[in-house]
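A.B. asks:
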C-alpha cells in the first residue's frame, strides 16, 4: 500500500515552497521518522519525516517549486520493512541544532557597534555581520542552524592575470570568490523584489526625544525586574505607542485582498529579530491587552527561542504591523521594507545626544530618528505623517500611554 507524502501547511501567506534537498535516495528503504525531504520558503525551512517504514519514491527533484498539498512522493510498505502505524501525513519538524563545534568553526565576524543605550533589545548575543537592517529580509532561525550543519559550498577562486608590475617593486594579484547562491537567499531576493514591485512604498521620517523614556527606565529598572521578571526595554514603549497610533488611525492596520480593503480589529505586532544571516519577525499578539511587563516577557521569550533555535512557523504568523530596530547595529537612518499583508513598518534607530532648542534654550537631549515605510495605495501621506507624529508624542510624554491619550 502506497502512502502519499504531501506539502503540509507552512504558515500564513505561504502558498509554495522550494524542494531544497532530497534526503534519501530513490527506492531506498526508510524507517519511521527518517528525514525524507527538505522544503524551503522565505520564512522557514521544514523537513518532512517518514510516517512509516517502507520504500521511499520521490516524485519531485531538488529546486522544484511545489504548492501546498502537492504530492512529493510515496512510501510503499515492503516485506522486511517494519510496519509501524503512523498518521497519513508526514511529521513536520524543524531541523536539529548544529553541534556547537561546527558553529564555532565559522570565521569570526567584525566587532559590531555597541548599543549601550539599548540594554534590552531582541537580538542574539553576538549578531553576525550578515544580519540585515530592515524587516524585508526574513529568514527563520531553523535555516541558520540547518545551514550550519551542512558543509560549506565549495568556493572557486578566479585568479586574474597579474597587472603590470608596480614601479616600486612587488607583484600584486587580485581575485574573486564565487559561490552558489543559497536557495533561501534566492527566495528572499525574490520576495524583496516582489514587495517593491507590488506596493507603492513610501517612507516618512521624524525624530523623537527619548529623554523622558530613558529617565523612566533608569528610575524603575530594578523594581520592574523584581515585579515582572524581565528587564524594562525600549521595545515595550514602542509597542504601546504603536498600538495607540493604530487605534487612532485604523487604516494603518489594513491590507489589500484582491479588490477588497481588509481592516484588522486586533493589534498583533511583529518585532524584527536579528539572526546570524538575516531577520525573523516573531509576533507579539493582542498587544492592546498586555501590560508593559507582559510585553517584555513575550519579547524575552522570543529572544531565548531565537538563541536556542526553537522558533516555530506559528511564532511568525498573524502580524498586522512591524517594528524593526536598526539602531542596535548603529544605523542612524534607514527605509525599512514592508512585510506581506501589512501596509506599514516602523524603523527605530540609534539614540544619540544632540543639541535641541526647548523654550528658546539649547539643551542636550537623547534623540532618535524614526522612519515609517507605508503602502501609499492604502495610506495617504497626511495619515502616515499623523500616525508617526502620534507615536512621537506618546514616546516624548509616556504618561499619555497610561491614560490612553
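Residue numbers (the numbering used here): -7 to 397. Note that CB positions come from ideal geometry on N, CA and C, so glycine has one too. Since we're looking at a predicted model, the values are computed, not measured.
If you follow the alpha helix (DSSP H) that residue 227 is part of, which residue opens it and which one closes it?
C.D. replies: For the purposes of this step, residue 227 is identified with residue 235 of the chain shown, where counting begins at 1. Start and end: 227 to 240.
A.B. asks: Tell whether a beta-carbon distance below 7 Å holds between residue 393 and residue 200.
C.D. replies: Locating residue 393 in the chain shown gives position 401, where the first residue counts as 1. Locating residue 200 in the chain shown gives position 208, where the first residue counts as 1. For residue 393 and residue 200, no; Cβs fall outside 7 Å.
A.B. asks: May I ask you to check if the CB of residue 222 is nearer than 6 Å to at least one heavy atom of the ligand ADP?
C.D. replies: The model on display carries no ligand, and the ligand ADP is accordingly not part of it.
A.B. asks: Can you list, in chain order, the stretches of the alpha helix (DSSP H) that have 4 or more residues and sit fully within the stretch 358 to 395?
C.D. replies: List check, alpha helix (DSSP H) in window: 373 to 388, 391 to 394.
A.B. asks: Using alpha carbons as the reference points, say which of 285, 253, 243 lies closest to residue 222.
C.D. replies: Sequence index remark: in the chain shown, residue 222 carries index 230 (1-based). Nearest C-alpha to residue 222: 285.
A.B. asks: Taking 6 Å as the limit between beta carbons, can you name the residues of its chain near residue 292, skipping five residues before and five after?
C.D. replies: By 1-based counting over the chain shown, the position of residue 292 is 300. For residue 292, where only same-chain residues beyond five positions count, the Cβ hits under 6 Å are 222.
A.B. asks: If you follow the beta strand (DSSP E) that residue 313 is in, where does it begin and where does it stop?
C.D. replies: Taking the first residue of the chain shown as position 1, residue 313 is located at position 321. Its beta strand (DSSP E) spans residues 313 to 317.
A.B. asks: Below 8 Å on the Cβ atoms is my guess for residue 260 versus residue 273; work out the distance and round it to an integer in Å.
C.D. replies: Taking the chain shown and counting its residues from 1, one reaches residue 260 at position 268. Taking the chain shown and counting its residues from 1, one reaches residue 273 at position 281. Not quite, the Cβ-Cβ distance comes to about 11 Å (not below 8 Å), so this is no contact.
A.B. asks: For the alpha helix (DSSP H) that contains residue 208, what are its first and last residues?
C.D. replies: Start at 1 with the first residue of the chain shown, and residue 208 comes out as number 216. Element bounds for residue 208: 203 to 220.
A.B. asks: Do residue 365 and residue 314 have their CB atoms nearer than 7 Å?
C.D. replies: Reading the chain shown from its first residue, position 373 is the one you call residue 365. Reading the chain shown from its first residue, position 322 is the one you call residue 314. Cβ atoms of residue 365 and residue 314: not closer than 7 Å.
A.B. asks: If you reduce the DSSP assignment to three classes, tell me which class residue 343 lands in.
C.D. replies: As a working mapping, residue 343 is identified with position 351 in the chain shown. Note: residue 343 maps to coil in three-state DSSP.
A.B. asks: Mind the definition here: the stretch 322 to 336 touches the stretch 292 to 305 only if three or more C-beta pairs lie below 8 Å; say whether that holds.
C.D. replies: Touching, no.
A.B. asks: Taking the alpha-carbon positions, what's the residue 316 to residue 337 distance?
C.D. replies: For the purposes of this step, residue 316 is taken as residue 324 along the chain shown, with counting starting at 1. For the purposes of this step, residue 337 is taken as residue 345 along the chain shown, with counting starting at 1. About 8 Å.
A.B. asks: Which same chain residues, not among the five before or five after residue 91, have their C-beta less than 7 Å away from its C-beta?
C.D. replies: As a position in the chain shown, residue 91 is number 99, starting the count at 1. Residue placement at residue 91 is flagged as unreliable, the pLDDT there being 48, under the threshold of 50; a coordinate-derived value is accordingly withheld.
A.B. asks: I need the straight-line Cα distance from residue 379 to residue 188, nearest angstrom please.
C.D. replies: Residue 379 sits at position 387 when you count from the first residue of the chain shown. Residue 188 sits at position 196 when you count from the first residue of the chain shown. Each residue's Cα considered, the two are about 22 Å apart.
A.B. asks: Taking the alpha-carbon of residue 310 as reference, which of 11, 318, 279 has the nearest alpha-carbon?
C.D. replies: Within the chain shown, the letter at position 318 stands for residue 310. Looking at the Cα atoms, 279 is the closest of the given residues.
A.B. asks: Using three-state DSSP, classify residue 272 as helix, strand or coil.
C.D. replies: Taking the chain shown and counting its residues from 1, the one referred to as residue 272 is at position 280. Three-state DSSP puts residue 272 in a strand.
A.B. asks: How is residue 294 classed by DSSP in three states: helix, strand or coil?
C.D. replies: By 1-based counting over the chain shown, the position of residue 294 is 302. Residue state, collapsed to three classes: helix.
A.B. asks: Can the beta-carbon of residue 194 be found less than 7 Å from the beta-carbon of residue 368?
C.D. replies: Locating residue 194 in the chain shown gives position 202, counting from the first residue. Locating residue 368 in the chain shown gives position 376, counting from the first residue. Result yes, Cβ atoms of residue 194 and residue 368 sit closer than 7 Å.
A.B. asks: With distances taken from CA atoms, which of 202, 197, 346 is nearest residue 226?
C.D. replies: Stepping through the chain shown from its first residue, residue 226 is reached at position 234. For the residues 202, 197, 346, the minimum Cα distance to residue 226 belongs to 202.
A.B. asks: Assuming residue 246 is part of the beta strand (DSSP E), what are its boundary residues?
C.D. replies: Stepping through the chain shown from its first residue, residue 246 is reached at position 254. From DSSP, the beta strand (DSSP E) with residue 246 extends over 246 to 249.
A.B. asks: Can you tell me the Cβ-Cβ gap for residue 312 and residue 340, rounded? I've got them flagged as a contact below 8 Å.
C.D. replies: Along the chain shown, read from residue 1 onward, the residue named residue 312 stands at position 320. Along the chain shown, read from residue 1 onward, the residue named residue 340 stands at position 348. Incorrect: roughly 18 Å between the Cβ atoms, too far for contact.
A.B. asks: Rounding to the nearest angstrom, what Cα-Cα distance links residue 324 and residue 342 in this structure?
C.D. replies: The sequence position of residue 324 within the chain shown is 332, counting from 1. The sequence position of residue 342 within the chain shown is 350, counting from 1. If you take the alpha carbons of residue 324 and residue 342, they lie about 5 Å apart.
A.B. asks: Kindly give me the distance between the Cβ atoms of residue 32 and residue 10, rounded to whole angstroms, as I take these residues to be in contact under 8 Å.
C.D. replies: Taking the first residue of the chain shown as 1, we reach residue 32 at position 40. Taking the first residue of the chain shown as 1, we reach residue 10 at position 18. At roughly 5 Å, the Cβ-Cβ gap stays under 8 Å, so residue 32 and residue 10 are in contact.
A.B. asks: When the Cα atoms are used, what is the spatial distance from residue 23 to residue 41?
C.D. replies: For this step, residue 23 is matched to residue 31 along the chain shown. For this step, residue 41 is matched to residue 49 along the chain shown. Roughly 10 Å between the two C-alpha positions.
A.B. asks: In this structure, how does DSSP classify residue -1 when only helix, strand and coil are distinguished?
C.D. replies: The residue you call residue -1 lines up with position 7 of the chain shown. Note: residue -1 maps to coil in three-state DSSP.
A.B. asks: Would you call residue 253 buried or exposed, if buried means 16 or more other Cβ atoms sit within 10 Å of its Cβ?
C.D. replies: Here residue 253 refers to the residue found at position 261 of the chain shown. Burial call: exposed.
A.B. asks: Going straight from the alpha carbon of residue 47 to that of residue 68, what length do you get?
C.D. replies: Along the chain shown, one-based indexing puts residue 47 at 55. Along the chain shown, one-based indexing puts residue 68 at 76. Taking the straight line joining both Cα atoms gives about 5 Å.
A.B. asks: Shortest alpha-carbon distance to residue 377 belongs to which of 59, 7, 6, 196?
C.D. replies: One-based indexing of the chain shown puts residue 377 at position 385. If we check each option's Cα against that of residue 377, 196 comes out closest.
A.B. asks: Put residue 305 into one of helix, strand or coil per three-state DSSP.
C.D. replies: Locating residue 305 in the chain shown gives position 313, where the first residue counts as 1. Looking at residue 305 - three-state DSSP - the assignment turns out to be helix.
A.B. asks: Going by the beta-carbon positions, is the gap between residue 64 and residue 21 smaller than 7 Å?
C.D. replies: In the chain shown, counting from the first residue as 1, residue 64 sits at position 72. In the chain shown, counting from the first residue as 1, residue 21 sits at position 29. The answer is no: Cβ separation not under 7 Å.
A.B. asks: Got a sec: is the Cβ-Cβ distance from residue 56 to anything in chain D below 7 Å?
C.D. replies: Of the protein chains in the structure, only one exists, and it is not chain D.
A.B. asks: For the beta strand (DSSP E) that contains residue 37, what are its first and last residues?
C.D. replies: Residue 37 sits at position 45 when you count from the first residue of the chain shown. 37 to 41 is the extent of the beta strand (DSSP E) around residue 37.
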